[in-house]
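Residue numbers (full-length UniProt numbering): 1 to 276.
Every residue, glycine too, gets a C-beta built ideally from N, C-alpha and C.
Written out as structure tokens, the structure reads:
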């Protein structure tokens, strides 16, 4: 029991002596870190506001503002450490460690390189709609490591940047195209049907006016006229508006008395002839 008490006293004396000898250094280092943290946060917010006023791309704005904050924090940590150690050999040691780490983490570094290339070349920016690696969504954020997409279902898809650079991807900006067809009987007035569809699609709030919806005769097949139509919707409401457009076309056709074609089929009867 006495030995334990003596050990506690020794540890307590060591801590007290350390605080007495280095208290001012610890306080100075803490103040430096606190100032660096506050200053870096203020600088990031200041730069973001300045970039926003100058209409700079959000992706570049976040990158430059974030980089400035990291630099301020790094300077603060360096000065704080300098209160206790001579940082000259420390910097040399960090250089050697960084070289070894570079060889060990080539994968992540290539990922960051791809992220930097995306940020600087800007093949897409925040709020664009892209299709890459089979994933479709609105660009929410581009960092050095990953690009994050948001789908209509509010799902966040994170794609490593090295899987984007060098790949073929589609950028439809803020909108996504809808392409579909429907058939009407050959006896129906195709031009009237196209006009009705154009009015029905354009009347749905949310359908992009530029480019305008495109409706026309796609082809003639199986004794029917196939109408093709294309229009653009904002990605965040893609399915919701597509269903509204389909309902509007159905209601407009019924009101105008335009029927849809019944697909031809053939019935084969056992022991008899086929009947169309």
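Item, Value
"Same chain, Cβ closer than 8 Å to residue 207, five either side skipped, listed in chain order", "201, 213, 231, 232, 233, 241 and 245"
"Closest by C-alpha distance to residue 277, when choosing among 181, 12 and 216", "The displayed coordinates of the chain run from 1 to 276. Any statement about residue 277 would go beyond what the structure contains."
"Contact the segment 182-193 vs the segment 155-173: 3+ CB pairs below 8 Å", "no"
"Chain D within 7 Å of residue 173, Cβ atoms only", "Of the protein chains in this structure there is only one, and it is not chain D."
"Straight-line gap, residue 51 to residue 138 (C-alpha atoms, nearest Å)", "22 Å"
"6 Å CB neighbourhood of residue 110 in its chain, flanking five on each side removed", "162"
"7 Å CB neighbourhood of residue 131 in its chain, flanking five on each side removed", "169 and 170"
"Range of the contiguous beta strand (DSSP E) that encloses residue 149", "146-150"
"Alpha carbon of residue 155 to alpha carbon of residue 147, nearest angstrom", "14 Å"
"Cβ neighbour criterion (16 or more within 10 Å) applied to residue 243", "exposed"
"Exposure label - residue 101; buried when at least 16 CB within 10 Å", "Confidence is the limiting factor: at residue 101 the pLDDT is only 48, short of 50, which leaves the residue's position unreliable, though a coordinate-based value still follows. Classification for residue 101: exposed."
"Test item: CB-CB of residue 48 and residue 61 under 7 Å", "yes"
"Contacts around residue 65, its chain only, beta-carbon distance under 6 Å, and the 5 residues preceding and following it disregarded", "44, 47 and 48"
"Candidates 53, 37 and 79, of which the one nearest residue 69 by Cα", "37"
"Host alpha helix (DSSP H) of residue 197 (start-end)", "190-203"
"Residue span of the beta strand (DSSP E) that contains residue 246, given as start and end", "Looking at the DSSP string, residue 246 is not in any beta strand (DSSP E); the run it does join, the alpha helix (DSSP H), is 238-256."
"Residue 176 classed as buried or exposed, judged by whether at least 16 other C-beta atoms fall within 10 angstroms", "buried"
"Residue range of the unbroken beta strand (DSSP E) whose run includes residue 183", "175-185"
"Segment limits, beta strand (DSSP E) that includes residue 227", "224-234"
"Cα-Cα separation, residue 26 to residue 150", "45 Å"
"Beta-carbon contacts of residue 136 that lie in its chain and below 6 Å, excluding the five residues immediately before and after", "none"
"Close beta carbons around residue 183, own chain, < 6 Å, minus the five adjacent residues each side", "224, 226 and 261"
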